[in-house]
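Working notes for the structure below.
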Amino acid sequence: MSKKNQSNNEDKVCEDSRHHLLDLSSLVIIVALAFSTIFYLWDIIFSSNMLAGNPTDMIEFPVFSQIQSIIVYHQIPLWDNLWLGGFPEYASPISALYNPLVTIPYFMFGLIAGSKVIVVLHVFLAGVCFWIFSTTITSRRSLQLYGSFLFMLSGTLITRVNAGHTELLTTQMFIPLSLFFVMKAVESRNIVYVICSAISISMFIFGGAIYYFVFFMMMFLVYSIVTCFEQTDSKKFKLNTTNLKIISFIFILTIMFSSIKLIPALFVSDNIVRIDPIDPLKGSGLFRDMFTSFVTGNYLEGYSVNETYSYLGFLPFIFAIVSLFHNAREKIFYYISFLVFLLWAGGSNNLMGVLRYFPFFENFRVPGRSLLFASFIVISLSIYGIQWFFERLEKEDNKSTKPVFWLIGFVLLFEIQEILLNSAKVAFSNVGIGFFGLLLTLLISLYVIININGDGDPENKTLFILIFMSIFLISAINIATISPHENNIENSTSLQIMQQIKDYDNDTHQQIWLTTDGWPYYHMDFTYAAMKNDLHMQRSYYGYFLDTVPSTVQIGNTSYYAANYLVDTQYLESGETIDAPAILSVNGVSVVEIPESLPNVFSIRGNSMMPLDLKYFSPNKVVVDGSLIQAGDVVVYKCAYYDGWKANGMTAENMGNMVGTTASTSGEDLEFVFDPIDFKIGLLITLITIFIFIVSVIKKDKVNSYLKE
Numbered sequence: 038m039s040k041k042n043q044s045n046n047e048d049k050v051c052e053d054s055r056h057h058l059l060d061l062s063s064l065v066i067i068v069a070l071a072f073s074t075i076f077y078l079w080d081i082i083f084s085s086n087m088l089a090g091n092p093t094d095m096i097e098f099p100v101f102s103q104i105q106s107i108i109v110y111h112q113i114p115l116w117d118n119l120w121l122g123g124f125p126e127y128a129s130p131i132s133a134l135y136n137p138l139v140t141i142p143y144f145m146f147g148l149i150a151g152s153k154v155i156v157v158l159h160v161f162l163a164g165v166c167f168w169i170f171s172t173t174i175t176s177r178r179s180l181q182l183y184g185s186f187l188f189m190l191s192g193t194l195i196t197r198v199n200a201g202h203t204e205l206l207t208t209q210m211f212i213p214l215s216l217f218f219v220m221k222a223v224e225s226r227n228i229v230y231v232i233c234s235a236i237s238i239s240m241f242i243f244g245g246a247i248y249y250f251v252f253f254m255m256m257f258l259v260y261s262i263v264t265c266f267e268q269t270d271s272k273k274f275k276l277n278t279t280n281l282k283i284i285s286f287i288f289i290l291t292i293m294f295s296s297i298k299l300i301p302a303l304f305v306s307d308n309i310v311r312i313d314p315i316d317p318l319k320g321s322g323l324f325r326d327m328f329t330s331f332v333t334g335n336y337l338e339g340y341s342v343n344e345t346y347s348y349l350g351f352l353p354f355i356f357a358i359v360s361l362f363h364n365a366r367e368k369i370f371y372y373i374s375f376l377v378f379l380l381w382a383g384g385s386n387n388l389m390g391v392l393r394y395f396p397f398f399e400n401f402r403v404p405g406r407s408l409l410f411a412s413f414i415v416i417s418l419s420i421y422g423i424q425w426f427f428e429r430l431e432k433e434d435n436k437s438t439k440p441v442f443w444l445i446g447f448v449l450l451f452e453i454q455e456i457l458l459n460s461a462k463v464a465f466s467n468v469g470i471g472f473f474g475l476l477l478t479l480l481i482s483l484y485v486i487i488n489i490n491g492d493g494d495p496e497n498k499t500l501f502i503l504i505f506m507s508i509f510l511i512s513a514i515n516i517a518t519i520s521p522h523e524n525n526i527e528n529s530t531s532l533q534i535m536q537q538i539k540d541y542d543n544d545t546h547q548q549i550w551l552t553t554d555g556w557p558y559y560h561m562d563f564t565y566a567a568m569k570n571d572l573h574m575q576r577s578y579y580g581y582f583l584d585t586v587p588s589t590v591q592i593g594n595t596s597y598y599a600a601n602y603l604v605d606t607q608y609l610e611s612g613e614t615i616d617a618p619a620i621l622s623v624n625g626v627s628v629v630e631i632p633e634s635l636p637n638v639f640s641i642r643g644n645s646m647m648p649l650d651l652k653y654f655s656p657n658k659v660v661v662d663g664s665l666i667q668a669g670d671v672v673v674y675k676c677a678y679y680d681g682w683k684a685n686g687m688t689a690e691n692m693g694n695m696v697g698t699t700a701s702t703s704g705e706d707l708e709f710v711f712d713p714i715d716f717k718i719g720l721l722i723t724l725i726t727i728f729i730f731i732v733s734v735i736k737k738d739k740v741n742s743y744l745k746e
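If you read the sequence shown in the numbering used here, its first letter stands for residue 38, the second for the next number, and so on.
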C-alpha cells in the first residue's frame with residue numbers, strides 16, 4: 038500500500054472514530070490527561086501545600102459560608118448572614134454558588150481538601166473539554182492530545198489559582214466546551230446541541246466568571262457574524278437565516294436559563310461597592326508586550342504574574358502563523374477573535390480602551406485577562422498549522438517541510454538553553470516524582486497515540502517528540518512559577534480565638550458579631566475561623582460587598598457599634614498591642630469586648646434603645662419575641678439592609694442601613710423574612726426554560742425539522 042493511500046485510509050478511520058467517545062484512542066487521551074494532572078499537581082495533592090501565595094486565596098469564602106449555613110440550619114439560605122453585614126449571595130455576580138463542580142467538593146471533602154479537589158478536577162476537565170473541542174478542528178488523535186495538553190498545562194490556567202481567582206479557574210473548561218456545542222449546533226441543526234450550548238455558556242454566569250462570560254460573548258458575536266453572512270459566487274454577502282435562527286435560539290435560551298443568577302445580579306449591581314478602587318486600564322499593554330507574554334512568559338504592566346501571565350512558548354505561535362498559509366478564509370473567525378482579545382488587552386493603547394469607561398465595562402479591571410481567550414485561539418490555530426504540516430509530510434513535500442523542521446529544532450534548542458541558563462532554578466525547582474511522572478506520561482501517551490492512529494512515520498514521530506518536549510518544558514516553568522505554601526489554616530491562632538470568644542460570650546449574644554483592626558487580606562484565616570464557628574465577621578476581604586453595611590448607629594446621645602468584639606489582628610502586622618483592656622489573648626492577639634454594641638434585634642422608643650430576644654433564627658428568617666414591644670416602637674434587626682426583607686409580610690424599611698419596621702401592635706411577635714422578588718422572577722424563568730428543554734428533547738424530530746427550514 039502506498040504511503041498516500043495508507044494515509045487516506047488512516048484519516049478515514051480517524052474520521053469515523055471521532056464520533057465514538059470511548060474508542061481506544063479516546064480512552065488513552067483521557068487516561069493521559071488524568072495522569073498528567075496528578076503529576077502536574079503532585080506536590081499539591083500529596084502534601085499539605087496549597088496552590089496559592091496565601092492558602093486562603095483558593096477558598097470561595099461566600100460559597101463556604103453558604104454551605105456552613107446549610108449544614109447548621111438545614112436550609113438553602115438566600116441571605117448570607119455570615120458575610121460582612123450580610124449579603125444576598127444568590128445574587129453575587131462573582132459567586133460560584135450555582136456551580137455544582139465547586140459546591141459538591143466542598144460538601145463532600147470540607148473546605149481545605151475540597152479546595153484541592155476543585156483545582157485538580159478543573160485542571161483535568163480543562164484538558165478533557167479542549168480535547169472534545171479539538172475534534173471540530175482535526176480527526177488526528179495525536180493533534181487532539183497536543184492541544185489538550187497545551188491548554189491544560191498553559192500558564193493562564195494555573196496562575197489564576199495563585200491569584201485567588203478560583204471562579205476563573207473553575208469556568209475555564211467551558212471556553213472550549215461552549216464553542217464546541219455552538220459549532221455543532223450550527224453544523225447539525227440539532228436542538229440537543231442548542232440546549233447544551235445554552236447550558237454550557239450559562240456556566241460562566243453560574244460559576245461567577247462574569248469576565249469570561251463577556252469575553253465568550255465577544256467571541257460568540259464574531260462567530261455569529263462570520264457564520265450568518267456567507268459569501269456567494271459573485272463575491273457578495275447574503276444572510277444565512279437558518280444559521281441566524283440557531284444562533285438566536287442559543288443566545289435567548291442562555292439568557293433565560295441563567296436568569297436565576299443573572300436577574301438578581303442585575304438587581305444587586307447598584308447596591309454593591311468594590312473593596313478597593315478599580316483602574317479599568319491598569320494591567321494592559323502594547324501589542325509587543327502581549328506577544329512576549331505568549332512566547333516568553335512576561336506579564337503586562339501594572340500587575341503581577343498572577344493576572345496576565347500566558348506562557349505558551351514559541352512553537353504554538355509559529356504553527357499558528359503557519360496556519361495562515363492554508364485556507365485562511367476558513368479560519369477567519371479565529372483571526373478576528375484573536376485581534377479582538379488583543380485589542381481588549383491593549384487597554385488605553387488603542388481605541389477599544391474607550392469601552393472601559395462605559396457603564397458596566399467600567400467595573401472590569403485588568404484588560405490583560407483577555408489573554409486567556411487569545412491563548413485559546415493560538416492553541417487552536419497551532420493545531421491547524423501542524424495539520425497542514427502533516428499534510429506536506431505525507432505528500433513528501435520536502436521543500437515545504439525541511440525549513441520548518443530546522444526552525445522547530447532551533448526554537449526548541451533556544452528554549453532549552455534559555456531555561457537551563459536563565460530559569461533553571463524556576464523550571465526544575467519541583468524536580469521529583471511529579472516532574473518525571475509528567476515527562477513519562479507525555480511521551481508514553483504520545484507513543485501509544487501515534488501508533489494506534491497511524492501517525493508513526495519517522496517524520497511524524499520526530500516532529501511530535503520535539504513538540505511534546507516543548508510542552509513539557511513549558512509546563513515545568515508554569516507550575517514552578519507558582520510557589521505552593523504550607524497550609525497552616527487548621528493550626529492558626531484564629532481558630533483558638535474564635536472558640537474562646539464563644540466560650541466567653543456564653544450565649545450573651547444570640548449571634549456574635551466581630552470586627553478587626555488589621556488589613557483583612559492578610560488575615561483571611563480569621564474570616565475562615567469565624568465562619569467555621571458560625572460567627573459574623575463584619576470586616577473581611579472580598580471583591581464586593583453591600584454599600585449598606587452598618588458600622589455605628591447613633592441612638593439618642595449614644596453611639597452603638599454593630600460588632601460585639603474587636604479582634605486585634607493588626608498586632609500580627611505591627612507587633613503593637615491594642616491600648617484597651619482585653620478579655621482574652623492568644624499568641625499576642627487580643628480580643629476586646631465593645632461595651633456599646635448593638636444586640637441582634639432591638640427596639641427604639643423615643644431616644645432609648647431596648648434589647649429584644651430572638652425566638653428563632655436562620656439566615657432567611659428571624660422571629661422576634663414581642664413581649665416587650667409596644668405599638669409605635671421601631672424594631673430593628675441587625676443586618677445590612679437589602680430589598681427583599683419583609684416584616685410580618687410587609688416590605689421592611691431601611692433603618693440606619695439595617696432592616697427595620699414600625700410595630701403596629703403591642704405584645705405580638707415580629708417575623709423578619711428574606712423573600713426577594715428578583716430571585717422568584719429568575720427562578721420562574723429558569724424553570725420555564727428547563728421545561729422548554731425537556732419538551733424540545735421529547736419533540737426533537739419536529740424541532741430539528743423547524744431548525745433546518
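Think of the CB as a built atom: it goes at the ideal place given N, C-alpha and C, for glycine as much as any other residue.
C-alpha gap between residue i and residue j, whole angstroms
i, j, result
"F144", "D562", "19 Å"
"K221", "F410", "20 Å"
"F378", "M210", "18 Å"
"D662", "P618", "33 Å"
"Y747", "Q112", "The structure shown does not extend to residue 747, since the chain is modelled only from 38 to 746, so the question has no answer here."
"D616", "N515", "46 Å"
"I718", "V305", "14 Å"
"M742", "F218", "Reading the sequence as shown, one finds Ser at residue 742 and not Met. Their Cα atoms are separated by approximately 19 Å."
"V734", "Y127", "29 Å"
"K41", "E431", "A caution first: K41 carries a pLDDT of 44, below 50, which makes its placement in the model too unreliable to give a value."
"D605", "L483", "56 Å"
"T614", "S132", "36 Å"
"S703", "G669", "8 Å"
"F447", "T329", "18 Å"
"G612", "I445", "56 Å"
"W79", "N277", "50 Å"
"F351", "F509", "13 Å"
"T279", "S239", "23 Å"
"W116", "D584", "16 Å"
"D540", "A302", "38 Å"
"K745", "P125", "43 Å"
Short Cβ contact (8 Å threshold) for residue i with residue j
i, j, result
"T196", "N136", "no"
"L299", "S360", "no"
"G681", "I714", "yes"
"K652", "D706", "yes"
"F375", "I414", "yes"
"V198", "L70", "no"
"Y608", "S627", "yes"
"N694", "P557", "no"
"T552", "A600", "yes"
"Y559", "E610", "yes"
"I297", "Y249", "no"
"V638", "Y602", "no"
"I155", "T203", "yes"
For residue i, the first and last residue of its enclosing beta strand (DSSP E)
i, result
"G697", "M695 to T699"
"Y598", "T595 to Y598"
"N741", "Careful: N741 lies outside any beta strand (DSSP E), inside the alpha helix (DSSP H) at K737 to L744."
Residue range of the unbroken alpha helix (DSSP H) whose run includes residue i
i, result
"L649", "That residue, L649, is in no alpha helix (DSSP H); its beta strand (DSSP E) goes S645 to L649."
"K282", "T278 to F294"
"Q181", "R178 to M189"
"V219", "F211 to S225"
"R576", "Run containing R576: none; DSSP gives neither H nor E here."
Contact set for residue i: own chain, Cβ-Cβ below 7 Å, skip 5 residues either direction
i, result
"M692", "V671 and V673"
"F294", "A235, I236, S239, T723 and T726"
Cβ neighbours of residue i in the same chain (closer than 6 Å, five flanking residues each side left out)
i, result
"I373", "V259"
"R406", "Y248"
Close Cβ partners of residue i (< 8 Å) along its chain, the five nearest in sequence each way excluded
i, result
"F501", "S179, Y183, L483, I487 and D492"
- prompt: For the 8 Å Cβ check, are there 3 or more pairs between the segment 60 to 77 and the segment 472 to 492?
  reply: With a cut-off of 8 Å, the segment 472 to 492 and the segment 60 to 77 count as touching, because enough Cβ pairs lie within range.
Check your understanding: Taking three-plus beta-carbon pairs below 8 Å as touching, is the segment 161 to 181 in contact with the segment 110 to 121?
Key -> no
Do the segment 281 to 293 and the segment 227 to 241 make contact, defined as three or more Cβ pairs closer than 8 Å? yes
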